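There are 2 protein chains.
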Amino acid sequence: MGCNDKQTTMKTQDAIENIMNRKSVRKYLDKKVEDEKVTTILKAGMAAPSGKNIRPWELIVVTDRAVLDSMAAKLPNAKMLQQAPLAIVVCGNTEKSSYWYVDCSAVTQNILLAAEALGLGAVWTATYPYEDRMQVVDSFMELPAEVQSLCVIPIGYPATPSAPKDKWDETKVHYNKW
Amino acid sequence: MGCNDKQTTMKTQDAIENIMNRKSVRKYLDKKVEDEKVTTILKAGMAAPSGKNIRPWELIVVTDRAVLDSMAAKLPNAKMLQQAPLAIVVCGNTEKSSYWYVDCSAVTQNILLAAEALGLGAVWTATYPYEDRMQVVDSFMELPAEVQSLCVIPIGYPATPSAPKDKWDETKVHYNKW
Numbered sequence: 003m004g005c006n007d008k009q010t011t012m013k014t015q016d017a018i019e020n021i022m023n024r025k026s027v028r029k030y031l032d033k034k035v036e037d038e039k040v041t042t043i044l045k046a047g048m049a050a051p052s053g054k055n056i057r058p059w060e061l062i063v064v065t066d067r068a069v070l071d072s073m074a075a076k077l078p079n080a081k082m083l084q085q086a087p088l089a090i091v092v093c094g095n096t097e098k099s100s101y102w103y104v105d106c107s108a109v110t111q112n113i114l115l116a117a118e119a120l121g122l123g124a125v126w127t128a129t130y131p132y133e134d135r136m137q138v139v140d141s142f143m144e145l146p147a148e149v150q151s152l153c154v155i156p157i158g159y160p161a162t163p164s165a166p167k168d169k170w171d172e173t174k175v176h177y178n179k180w
Numbered sequence: 003m004g005c006n007d008k009q010t011t012m013k014t015q016d017a018i019e020n021i022m023n024r025k026s027v028r029k030y031l032d033k034k035v036e037d038e039k040v041t042t043i044l045k046a047g048m049a050a051p052s053g054k055n056i057r058p059w060e061l062i063v064v065t066d067r068a069v070l071d072s073m074a075a076k077l078p079n080a081k082m083l084q085q086a087p088l089a090i091v092v093c094g095n096t097e098k099s100s101y102w103y104v105d106c107s108a109v110t111q112n113i114l115l116a117a118e119a120l121g122l123g124a125v126w127t128a129t130y131p132y133e134d135r136m137q138v139v140d141s142f143m144e145l146p147a148e149v150q151s152l153c154v155i156p157i158g159y160p161a162t163p164s165a166p167k168d169k170w171d172e173t174k175v176h177y178n179k180w
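Protein chains in written order, with our numbering: chain A, 3 to 180; chain B, 3 to 180.
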């Protein structure tokens, strides 16, 4: 096949492979993530679907070293923020949607996949539904009363190559009913 | 650039474009979705991350015309099941995880993106957190007591071409704090 014949098939393969290759990356190089890549990631996040197309999300880009380090010290599951050059805090407006955390989970997955596509590594560190973690983020980010956080996503260039987990489990597939 | 020079850049572009091109598709051709594509979609779903790697998801593939039509009749937001050759019901085990619906939202987003990549159309029709809709699915799917549904995803070949919404909104991006 020539270059052009391959295009449709390759597009499909590339997109599927990116989904299959995404992995949680917790160690990063001491290297800035380019602004252009950050913008692409944010756009990917906002391309998520939402119930009734309400789009209750709000995204906070954190690059301030002191803030990243302070949050790392207070969030038991997000120690890797100390190494990360960047984090995105995914938040939702609870007044706009009572199930903001569902829509914001789709946003988060898009962000993780975009990071993978761009050669970056990222990991979903949950704040919701943990009240204590949500309060930490609330305090550092100075969130308005109606806004809550779903997660903090540290992002950076992976320090070491890593393989995705194979999570395929046919016993979890059912046909026509349970 | 030759074929090979393009590969890394194209892989990135293809994956990002797939995220940006995903749209909710509600009208389908009367055409079966190939089993191989269904398997790819299911594998993409299970490639999602989950809290503590618990993987609380369970996926039900529905192709039985009578079941699809009956669910369409009972689910106010899923009338398009009457046209769809296929639906995937995304469920979670509530005993394995108290926030199964967060993990299952990431699964759902992967499924929607895989469908897009494969030239299919799909749409997230929510059951969770609506008790009445969840009961309908519970009843048709004969779910065990500890399993609940997040959504029903009708999938098929799109009847008409459609463009994704542009949801990019810079006012929803904040830097270092709100």
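Glycine included, each C-beta is placed from N, C-alpha and C at the ideal position. Note that the structure is a prediction, hence the values are computed from the model and not measured.
- Counting along the chain, the unbroken alpha helix (DSSP H) around B:I43 starts and ends at D37 to G47.
- By the C-beta density criterion, A:P58 is buried, having at least 16 other C-beta atoms within 10 angstroms.
- Inside the stretch 141–174 of chain A, DSSP marks whole beta strand (DSSP E) runs of 3 or more residues at positions 149–158, from first to last along the chain.
- When C-beta distances to chain A are compared with 8 Å, the residues of the stretch 53–66 of chain B below that value are G53, N55, R57, W59, E60, L61, I62, V63, V64, T65 and D66, in chain order.
- Less than 8 Å separates the beta-carbon of A:G53 from that of B:A128.
- Going by DSSP, B:A89 is part of the beta strand (DSSP E) stretching over L88 to N95.
- Assigned with DSSP and collapsed to three states, A:W102 falls in helix.
- Residues of the stretch 27–53 of chain A with a C-beta atom less than 7 Å from some C-beta of chain B are T42, L44, K45, A46, M48, A49, A50, P51 and G53, listed in chain order.
- Residue environment: B:L70 is assigned as buried (16 or more neighbouring CB atoms within 10 Å of its CB, all protein chains considered).
- Looking from the CA of B:I56, the closest CA among B:G94, B:A161, B:P163 and B:A74 belongs to B:G94.
- A:A50 sits in coil when the DSSP states are folded into three classes, being neither helix nor strand.
- Under a criterion of Cβ atoms nearer than 8 Å, no residue of chain B is adjacent to A:P78; the nearest Cβ is some 13 Å distant.
- The continuous stretches of alpha helix (DSSP H) do not include A:V27, and DSSP gives it neither H nor E.
- Against chain A, the CB of B:P163 has no partner CB under 8 Å away; the residue lies outside that interface.
- Straight through space, the alpha carbons of B:V64 and A:A46 are spaced by roughly 30 Å.
- At a cut-off of 8 Å, the C-beta of A:E144 has a neighbouring C-beta in chain B.
- By the C-beta criterion, the stretch 152–161 of chain B is judged to be in contact with the stretch 125–140 of chain B, since at least 3 inter-stretch pairs fall below 8 Å.
- A direct Cα-Cα distance of roughly 16 Å separates B:M143 from B:T96.
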